[in-house]
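In the numbering used here, the protein residues as written are 1085 to 1509. From the three backbone atoms N, C-alpha and C, an ideal C-beta is built for every residue, glycine too. A quick note: this is a predicted structure, and the numbers were derived from the prediction, not measured. Since the structure comes first, as structure tokens, the remarks are kept for the end.
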């Protein structure tokens, strides 16, 4: 059976052909905990207070017919730069399985632990990427719910910066340490060189040390130095952790890093949801709109994919009773994602939820279809394989070739035509 499956994958891959790469980098703005689609990208104001809660209004966007949540006016003014997927679904209401589905694209339920799509891109770009900075960077930390390197191993998981980009000095783990200046480091290196002067020749060790020193004290270090940015730019992103993290992401993409994960927490709002959203949504609006606009003004949006969403959405119906006092629960049946740049069209809406937002009404989009489209735009075959140390070559996205109902990759919002084996409306 497995031989037949892998043969099928090979045939699909051959049919799929080789497409020109549209994107060079990906920025994932990951709202850990699950943002409410009804408060952000799929508002339902007509459903009454039990659904819209404290947010009864909407923002009309600069694209006729598209409306988003009332707390996102800056994003509303630039809807022509992004598209919305309003029919994301995987059906899980648990953080662990939701994270795993959205970060790996695997909903097969198999025993193999798949790598995150950032790790896959890092693996696929291992030969072509020549930068000193790691190929895959998380600002400030990656998903902690599973080993996101998966069966590819820790070599391809993200470099986590740690630190506080919103602080007075951004201390990056292993790179920027305010207690060690260049003079002290040079003194330490001089002492080390004296100690090793009579030891055996270790050219490989010396080469690695040179790379590490370049990473710590070379031009790459300055990528993390936000004091180089005009204060007007920093203010535009917002001085919140999310805002300054998005600014770091733009600088990393400018430096050529293929995958940047901006992970922000606090979206798991079971209690006092609207009190928290009164701060978190304006911060998101400011950070994400600034990121998209900044990339666009610098000529980087065409080559940079921007994704924004979480592991699932939140229940459209508000939990008013105690102890929740106006909270929203986990919700994996129907939720939303924003996609922009790197070959994704702007000003479009994919899919539709029903009138309450509790079910997908049109064009369900599974995690594998979103991630598969990202792979395609990055020049990676979504029907290809990855090497497993004991299982041999495994499909890069097993859920993409299973027999679950699927309308395929998101060809309706990219400029790549669907091959014959994909069925789209």
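For residue 1424, three-class secondary structure by DSSP: Three-state DSSP puts residue 1424 in a strand.
Secondary structure, beta strand (DSSP E): runs of 3+ residues fully inside the segment 1321-1386: You should have 1343-1348.
Own chain residues within Cβ distance below 8 Å of residue 1497, not counting five before or after: Closer than 8 Å at the Cβ level, and outside the excluded window around residue 1497, lie 1167, 1423, 1428, 1429, 1432 and 1434.
Residue 1387 at chain D interface by Cβ criterion, 8 Å: In the structure shown, chain D cannot be found, because there is only a single protein chain.
heavy atom of the ligand HEM below 7 Å from residue 1179 C-beta: Annotation note on the ligand HEM: not contained in the displayed structure, which lists no ligands.
Integer Cβ distance of residue 1403 from residue 1115, believed to fall under 8 Å: 20 Å between Cβ atoms; not a contact.
Three-state class that DSSP yields for residue 1157 in the structure shown: Residue 1157: helix per DSSP, three-state reduction.
Residue span of the alpha helix (DSSP H) that contains residue 1203, given as start and end: Here the alpha helix (DSSP H) through residue 1203 covers 1201-1208.
Where residue 1309 falls, given that 16 or more other Cβ within 10 Å makes a residue buried: Burial call: exposed.
The segment 1396-1412 / the segment 1108-1128 touching (three or more Cβ pairs under 8 Å): At 8 Å Cβ cutoff, the stretches touch.
Coil, strand or helix - residue 1116 by DSSP: In this structure, residue 1116 counts as coil in the three-state DSSP scheme.
Limits of the unbroken beta strand (DSSP E) element including residue 1469: In the DSSP annotation of this structure, the continuous segment of the beta strand (DSSP E) that includes residue 1469 starts and ends at 1469-1472.
Residue 1171 and residue 1437 closer than 8 Å at C-beta: Contact: yes.
Residue 1122 - DSSP class collapsed to helix/strand/coil: Of the three classes helix, strand and coil, the one that applies to residue 1122 here is helix, per DSSP.
Residue 1478 beta carbon less than 8 Å from that of residue 1466: No.
Stretch pair the segment 1133-1153 + the segment 1453-1470: three plus CB contacts closer than 8 Å: No, the segment 1133-1153 is not in contact with the segment 1453-1470.
CA-to-CA distance, residue 1244 to residue 1222, given in whole angstroms: For residue 1222 and residue 1244, the distance between alpha carbons rounds to 5 Å.
In DSSP terms, what residue 1151 is bridged to: According to DSSP, which records beta bridges pairwise, residue 1151 is partnered with 1144.
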